[in-house]
Each structure stands twice: as structure tokens, then as C-alpha cells.
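This report concerns only the one structure given below.
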Amino acid sequence: METRTEEVSRKTKILQALEDQNASVSFDDPLENDMVLNMGPQHPATHGVLRLLIRLDGETVIGCVPEVGYLHRGYEKLAENCTYHEFIPHTDRLDYLSPMNNNTAYALAVEKLLGIEAPPRAQYIRVLISELARISSHLMFLGSLAMDVGALTVWMWSFREREKEYDIFENIAGARFTTSYTRIGGLAQDVTPETLAMVKKFIDEFPANLEECEQLLNKNRIFVGRTDGIGVISRAQAIDLGLTGPGLRACGVKHDLRRANPYLVYNDLDFDIPAYEGGDALARYYVRMDEMKESTKIVQQVLAKMPVGDVHAFKPKKVLPRKERVYTKMEELIHDFMLVNLGVEPPVGEIYNAVEAPKGELGFYIYSHGEGYPWRLKIRSPSFVNLQSLPTMMMGGMVSDVVAIIGSLDPVMGEADK
Amino acid sequence: MGLEHALGDSILTTKLDAAINWCRKNSLWPMPMGISCCAIEMMAFAGPRFDVSRFGSEVFRFSPRQSDVMIVAGTTTYKMAKVVRKIYDQMPDPKWVIAMGVCTSSGGMYRTYSVVQGIDQFLPVDLYVAGCPPRPDNLINALMKLRGMVQKGESRGGSPNYVGNIKMDKPQPLPVVAG
Amino acid sequence: MNNLVVERLKARFGESKIEPSEFRGELALIVPKESIVEVCRFLKEDDELKFDLLADLCGIDMYTPVKRFGVIYNLYSLKNKHRIRLKTFVEEEDPTLPTVTSIWGTANWHERETFDMFGIVFEGHPDLRRVYMPEEFEYFPLRKDFPLMGIPGSIPLPKK
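For the protein sequence lines, the chains are A, B and C, in the order given. Note that the numbering used here numbers the first sequence so that position 203 is 203, with each residue one more than the last. Note that the numbering used here numbers the second sequence so that position 70 is 488, with each residue one more than the last. Note that the numbering used here numbers the third sequence so that position 136 is 733, with each residue one more than the last.
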């Protein structure tokens with residue numbers, strides 16, 4: 001039993017020890033400092049593995065640094081170790097929302113290097129699949145932008161349309177996406193009349209289905225409020241930052257590679273290039289919706305004008321021969337063996353070929369030393385360059401607009417990270 | 419005979435574990451770690467045609483704290499591996515991992531300097547789904563096999579306290595391969 | 598159009614600095630590294646030529662003892678709808694080059710990528726750091742002496 005005085009002195013000593021502790025802590029007023037927010041690589045709305053470091057003053061964005069490279073798979077080094085044919089499946093996985101378009105772009109680049117051209121029927125089919133891929137990519141944009149802003153129904157409807165397109169691709173090439181359908185000098189196989197009938201049915205019903213989605217969004221106060229005047233970029237800034245595709249056309253520049261430097265048979269087809277002033281997220285949305293309608297027009301013209309003929313060019317030492325001749329004739333067997341093992345042998349030189357992908361200008365720069373595999377293959381991916389304009393668009397806006405801006409820019413990280 | 423006979427038709431008797439596992443298997447909430455092309459097939463798997471919410475996965479929780487299954491879909495690079503491991507560590511027990519596609523199973527078609535040759539180098543994987551990308555039907559097949567595993571109470575990862583856990587130091591049975 | 602570009606450049610900079618060549622209808626010019634910035638600025642600001650879009654900037658490893666690394670600029674003119682290519686070469690011991698970020702803002706990330714993949718340092722670049730590989734990575738992947746499968750242990754992996 002301790003006495004009262006001992007108890008008092010013990011307490012006082014403990015309290016004394018607490019007061020003697022070195023408790024000097026200093027902090028600045030948190031209301032006066034900026035906050036750094038990390039929208040990490042794993043995030044529901046960053047369209048893949050994009051990391052954003054945003055500096056905030058309250059809710060206003062005062063600085064932003066995007067970090068890419070979380071999906072860098074080493075395509076360019078792989079290309080130096082593959083023959084030209086072996087690289088075709090890798091081009092599917094670049095912009096994995098429209099793989100048919102990438103296949104066409106790569107085949108065109110290698111054909112330019114070799115100096116050969118695909119036959120007319122192959123060119124018309126390539127236009128058909130490129131435009132279907134463009135519709136597929138823009139439908140995904142529509143679904144994700146609407147979902148990011150809050151309208152989940154539109155995402156479900158756009159996926160319903162994409163499933164119909166997947167059925168068509170499966171009929172054409174055998175796979176839902178990642179098709180690897182084009183070959184150097186033509187296509188893998190011809191398109192059957194049943195598939196063309198499926199395409200016709202899809203295209204006839206598509207404008208009505210698109211109209212349904214538009215009715216939900218175009219005059220919706222919430223959607224317009226969240227995208228109008230958000231993420232503005234001026235025309236001069238867009239050209240300086242290298243923005244191409246729908247982002248550039250939404251700033252008022254009527255630039256489209258299908259009209260400026262026509263390739264395939266776009267010269268014979270009748271379509272417009274939509275361009276809107278404003279440079280904000282709503283303008284980019286309108287540009288892509290109009291592009292889908294123009295693509296419908298192109299597909300209808302292609303279906304009407306499709307010529308009959310072969311889908312492989314006849315250039316024995318450069319184009320893979322057809323299988324039935326490989327199994328029966330001697331020269332084709334030798335050519336097939338040489339082409340598969342050693343690769344097509346282009347002349348020494350370099351080319352740069354660009355096409356209009358759904359996201360912008362997709363370019364392939366090939367430097368060849370005369371061997372079966374390229375010495376250097378550079379992929380100019382539109383998403384990589386478009387992402388550079390993200391800080392300019394976000395400056396001064398609010399943190400809740402970041403998601404709408406990324407959605408309207410529509411980057412694909414498989415392409416941006418190569 | 420016995421207790422069931424005395425109770426009649428409207429009362430079921432079962433073990434508590436089996437009942438809890440039945441609840442778990444019918445409400446698996448996936449955490450989609452959607453990295454590249456397989457993520458598009460995972461979105462189609464959640465879409466209107468191959469509806470996954472009819473199996474109980476109504477919400478795709480992007481928060482690891484509120485999910486059971488992590489579906490890793492897409493090529494994992496070394497730079498991304500740290501992030502995936504961190505998210506996996508944040509998930510509460512019991513947890514399962516589905517490695518979707520060939521890129522996560524074994525590196526896929528990318529034998530390069532920056533791609534991890536299979537996520538089982540840093541994560542314990544329960545199911546491997548083959549395909550590049552696997553069709554959504556294939557992923558539903560994997561989900562069915564996973565439901566079987568959940569009912570039995572097996573998990574390759576998770577804490578040692580979880581009932582029926584396969585201990586990491588004993589020789590492992592082969593993981594389930596779907597597709 | 599190609600001839601017009603070569604004429605204007607030769608008139609402005611003299612015969613010795615520009616070496617034109619043509620392949621499949623595309624013009625490529627080899628420019629020495631000291632005058633690359635002036636040539637680019639002239640090509641962008643000239644009223645008739647007006648190459649205002651830098652489509653692509655990449656590096657290339659020629660693997661020769663002299664002039665090992667090259668940098669390739671692919672330019673596009675929105676007004677004339679025309680493309681040309683500029684090439685510069687640098688040595689292996691001193692892979693430095695002046696930056697063109699002041700002329701085209703898009704060159705920022707392209708030059709970072711070239712630095713990341715080849716190790717070519719751009720003088721005057723506002724923010725030269727790696728873009729694809731992690732910050733601590735010590736090698737330059739696209740050089741010809743770096744193996745495709747990488748060097749084991751060069752990037753750490755989390756423990757199981």
C-alpha cells in the first residue's frame with residue numbers, strides 16, 4: 001500500500017517526463033500547400049495503364065506529368081529479329097481496338113518498300129475492313145466516354161454493336177479481333193458472299209442504332225455540361241504538339257490522310273471530312289460521331305463497287321504463293337520455302353508510310369539493308385503523340401474533368417507504349 | 419435417417435464451411451487488372467452478350483479492398499509488376515488469381531527484355547486461361563472451374579489461416595488449366 | 598515539289614551542307630549536326646515550304662565504326678501535303694545533338710524516347726529522362742549490342 005504522498009510524487013514524475021519530451025513538431029498550414037495526386041497505372045478510367053501525377057491547388061489542376069511505359073513490350077527490337085511476315089501478328093496488338101487497320105497500314109508500308117501493289121479486289125476489301133475497324137474503335141470511344149461521364153446504358157449498347165462486328169470479323173479472318181488478316185501483296189483469303197451479306201445487314205441497321213445512342217447523349221444536360229468547354233486546345237497549339245486525327249479535326253483543321261495523300265482506293269469514293277471549331281471535348285465527340293456516319297457511307301459504296309478477281313498479287317519472289325500451288329508445283333514450293341525462312345528481300349533503302357488510323361496518323365518507318373528482316377522499324381503511334389497534349393488540355397481545369405478529357409482524347413496504351 | 423428424417427423437408431443441414439463457401443462462390447467480385455488487349459475481351463465478358471453478372475459478379479470493383487478475384491488480363495512488364503503485386507497484397511483474404519491469356523501465363527509472344535515471362539514469377543496463380551486473347555466463353559469456363567475451387571475451399575494464395583489452404587511449402591498439385 | 602525543296606535549301610545553305618537522295622518518290626537529306634537546328638527552322642518558317650508538322654523523330658543504330666548513331670526527322674507540310682526526311686549522324690563517343698523542341702513542341706517526347714532507347718543526349722532539352730524503361734535502368738535497349746531477351750537482373754521483380 002503506498003501512501004498518498006508517494007502516489008502524488010509518482011504521478012508528477014510521469015507527467016514531468018512527458019512534458020520534458022522533445023515534442024517539437026512543425027508543419028505548414030495544409031490549406032496553403034499544393035497536393036500531388038497520383039492517378040496510378042491501375043485506375044478504372046485511365047483507358048489502360050497510364051499514370052498521371054497531378055498537382056492540385058484545391059480542386060484546380062495546376063500541373064500534370066503523364067508517365068507511360070507500363071506496357072512497353074519491345075516491338076521495335078522484336079521487329080529487328082522477325083521477318084516481315086512474322087511481324088504481322090504483332091501489328092494487331094498495337095491499337096487493339098481496330099486491329100484490321102494496323103494490319104493494312106503495315107502491309108501498305110512493306111508493299112511501298114518492295115514496290116508492289118495489291119490487286120483491285122484486295123484494295124477494296126482492305127478499305128472495307130479499315131472502315132469497319134474505324135467504326136469499332138469509335139464505338140468503344142463512345143461507350144467509354146459515356147461510361148466515364150456516367151451514362152452506363154450507352155456502353156452496353158455500343159458493345160452490342162461491337163459484338164455484331166466481331167461476328168463479321170470472325171467470318172472474314174477466323175478471330176474476333178487480333179485478326180492478322182492482311183498479307184504482303186494481298187490478303188490471307190478471300191471474302192465469301194455470305195460475309196458480304198452480313199456486312200450489308202449490319203451497315204443497314206447501324207445508322208438507326210447510332211441514332212438511339214445519340215438521342216440519349218446529344219441534348220443531355222449532364223453530358224453537355226461535362227464536356228462542353230472542357231479540355232480546350234487551340235489550333236496553333238495542336239499543330240505544334242503534333243496532335244493528329246479527330247483531335248486535330250476538332251480544332252478546325254480539315255486534315256485527313258485519306259484525302260490529303262490518298263492510298264488504296266479512297267480517291268474513287270465519295271465522303272466528307274467532318275471538322276468542328278472549338279477544340280474541346282464536345283467537338284471531339286461530334287467529330288467521331290460524324291466519322292462513323294461517313295464510314296457507313298464508304299462501306300455502302302464499297303459493297304456496291306466491289307470488283308471480282310484475285311486477292312493475291314502475282315510476284316513470285318515477293319508474295320507468298322497460294323497453298324494449292326505450293327503443294328503441287330515445284331517453283332512455288334521453292335519460293336514458299338525461301339520466303340518463309342529467309343523473308344521477302346526488299347532493296348536497300350528507307351520509306352515512311354502513314355495512314356489515317358482511327359486515333360490519328362499511324363506511320364511506319366522502315367530502313368532496310370536488303371535482308372529478310374528490317375534493320376530498323378519505327379512505329380509512329382498516334383496515341384503516344386496525342387498524350388503529349390494532355391497537360392495543355394488539363395491546365396486550369398478541375399480534377400473531376402481529368403477523366404472526361406482522357407476519355408475524349410481516347411488514347412490506347414498498347415499503341416502508346418509499343 | 420436420423421436428424422434429417424426428424425426435421426422434414428423444409429430444413430437443410432450442412433456444414434458451416436460449405437454454406438459459407440456456397441455464398442462466396444455465388445458472389446465472386448472480380449478485380450479486373452486490365453492491362454492490354456485481353457482487357458477488351460474481359461469487357462466483352464462483362465458486356466451484354468456474355469453476361470457475367472448472371473454468375474454473381476455484378477460489379478467489377480476496381481478497388482482491391484472490396485474484391486475476391488483478381489483477373490490479370492494483359493502483358494505484364496517489369497515496370498508494371500511492382501504495381502500488380504502491391505494491388506494483390508492489398509486484397510483481403512480469401513483471394514484468388516486468374517491469369518488470363520498467354521502473356522500472363524508465360525510471356526506470350528513477347529520474348530523481350532521488358533516482359534515478365536509469366537506472372538507466376540511473383541504471384542501465386544490459381545487458374546491459367548489460354549488464348550490470345552481467350553474468347554469470353556473460355557473465361558466463363560475458367561469462372562466455372564474457379565467456382566468449383568471456391569466450393570472446396572482451395573486457394574493457392576491467401577493466409578495460412580484460411581480453411582483448406584494449400585500450403586506453399588508442400589509439393590503443389592498442378593493448377594487448373596482452362597481452355 | 599522535291600526539286601523545289603532542294604533548290605531552296607541549296608540556295609540558302611550552300612551545296613556542301615545538303616546531300617539529297619530519293620527512293621520511291623521520297624526525298625531524304627543528310628544534314629551535318631551543327632546546322633540541323635537552322636535547317637529545321639528554315640523549313641518550318643519559309644512561306645512556300647512550311648513544314649509545320651513534325652510527324653516523327655527516331656534514332657537508328659547503323660553499327661558502323663564511324664558515325665554510329667543517326668537521328669531521322671520526318672516532316673510534313675499541311676499546306677502542300679508533302680513529306681520529306683532529314684537525317685543527321687553522330688559519333689559513338691559523343692552522342693550529343695542540339696534539340697529541336699523550340700521549333701516543334703512535339704519533339705519533346707520523341708527526343709526522350711530516342712534518349713531512352715539509344716542514349717543520344719539532346720542539349721537544351723527541358724526534361725530529358727527515360728520514358729519507357731524504369732528510371733534506374735542502366736542500358737539502352739535498341740542498340741545493336743543489347744540482347745533481345747535482356748540482361749537478367751537488370752530490373753528487379755517483387756518477391757513471391
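Every residue, glycine too, gets a C-beta built ideally from N, C-alpha and C. Values in this document were obtained by computation on a predicted structure and should not be read as measured data.
Listed along chain A are Pro89 and His90, each with a C-beta nearer than 8 Å to that of B:Met527. At least one CB of chain C lies nearer than 9 Å to the CB of A:Ala260. In this structure, the beta-carbon distance from B:Phe463 to B:Ile558 falls below 9 Å. Under DSSP, C:Ile748 takes part in no beta bridge, so it has no partner. Note that the segment 54-73 of chain A touches the segment 494-513 of chain B; at least 3 beta-carbon pairs, one per stretch, sit closer than 8 Å. Contact note: A:Phe159 reaches chain B through Met461, Ala462, Gly465, Pro466 and Arg467, using a C-beta cutoff of 8 Å and chain order. The beta-carbon of B:Pro551 is placed less than 9 Å from the nearest beta-carbon of chain A. In the DSSP secondary-structure assignment, C:His679 is bridged to C:Ser674. For A:His255, at least one C-beta of chain C is nearer than 9 Å to its own C-beta.
Following the DSSP letters along the chain, one finds C:Asn599 in no beta strand (DSSP E) but inside the alpha helix (DSSP H) bounded by residues Asn599 to Phe610. Here A:Leu78 carries a helix assignment [DSSP, helix/strand/coil]. Per DSSP, reduced to three states, the secondary structure at A:Ile273 is coil, with no helix or strand assignment. Using a Cβ distance threshold of 9 Å, C:Leu650 and A:Gly242 count as a contacting pair.
Where B:Ala517 is concerned, there is no enclosing alpha helix (DSSP H), although the beta strand (DSSP E) around it starts and stops at Trp514 to Met518. Annotation: the continuous alpha helix (DSSP H) that includes A:Asn386 extends over Pro382 to Leu387. If you look at A:Met395, you'll find it isn't in any alpha helix (DSSP H); DSSP assigns it neither H nor E. For the segment 132-158 of chain A, residues whose beta-carbon sits nearer than 7 Å to a beta-carbon of chain B comprise Met156.
Per the Cβ contact rule, the segment 348-358 of chain A is not in contact with the segment 150-168 of chain A (fewer than 3 Cβ pairs under 8 Å). When Cβ pairs closer than 8 Å are counted between the two stretches, the segment 313-330 of chain A is seen not to touch the segment 166-179 of chain A, the count staying below three. Per DSSP, A:His369 has no beta bridge partner at all. Within the segment 477-506 of chain B, the residues whose Cβ lies closer than 7 Å to some Cβ of chain A are Phe480, Thr493, Thr495, Lys497, Met498, Val501 and Ile505, listed in chain order. Against B:Met451, the close residues of chain A are Gln42, in the order they occur along the chain (beta-carbon pairs closer than 8 Å). Distance from the CA of A:Phe159 to the CA of A:Asp95, rounded to the nearest whole angstrom, comes to 18 Å. The Cβ atoms of A:Leu139 and B:Ile458 do not sit closer than 9 Å to each other. Note on geometry: alpha-carbon atoms of A:Ala105 and A:Tyr263 lie some 10 Å from one another. Going by beta carbons, B:Leu446 and B:Arg565 fall inside the 9 Å limit.
Closest in C-alpha terms to A:Phe206, from the list A:Cys251, A:Glu163 and A:Thr179, comes A:Glu163.
Residue contact with chain C for A:Leu53: absent (no Cβ-Cβ distance below 9 Å to any residue of chain C).
According to DSSP, residue pairing for A:Cys64 in a beta bridge involves A:Ile54. Of all residues in the segment 741-756 of chain C, only Phe743, Pro744, Leu745, Met746, Gly747, Ile748, Ser751, Ile752, Pro753, Leu754, Pro755 and Lys756 come within less than 9 Å of chain B when Cβ atoms are compared, listed by chain position. Per DSSP, reduced to three states, the secondary structure at A:Leu248 is helical. For B:Val568, no chain C residue has a C-beta closer than 8 Å to its own C-beta; the minimum C-beta separation is roughly 22 Å.
In this structure, the straight-line span from the alpha carbon of C:Glu690 to that of A:Leu52 is close to 36 Å. Here DSSP, grouped into helix, strand and coil, assigns A:Glu86 to coil. Sequence-distant Cβ neighbours of B:Gln569 in its own chain, meaning closer than 7 Å and more than five residues away, are Asn439, Trp440 and Lys443. B:Thr530 has a beta carbon lying within less than 9 Å of a beta carbon in chain C.
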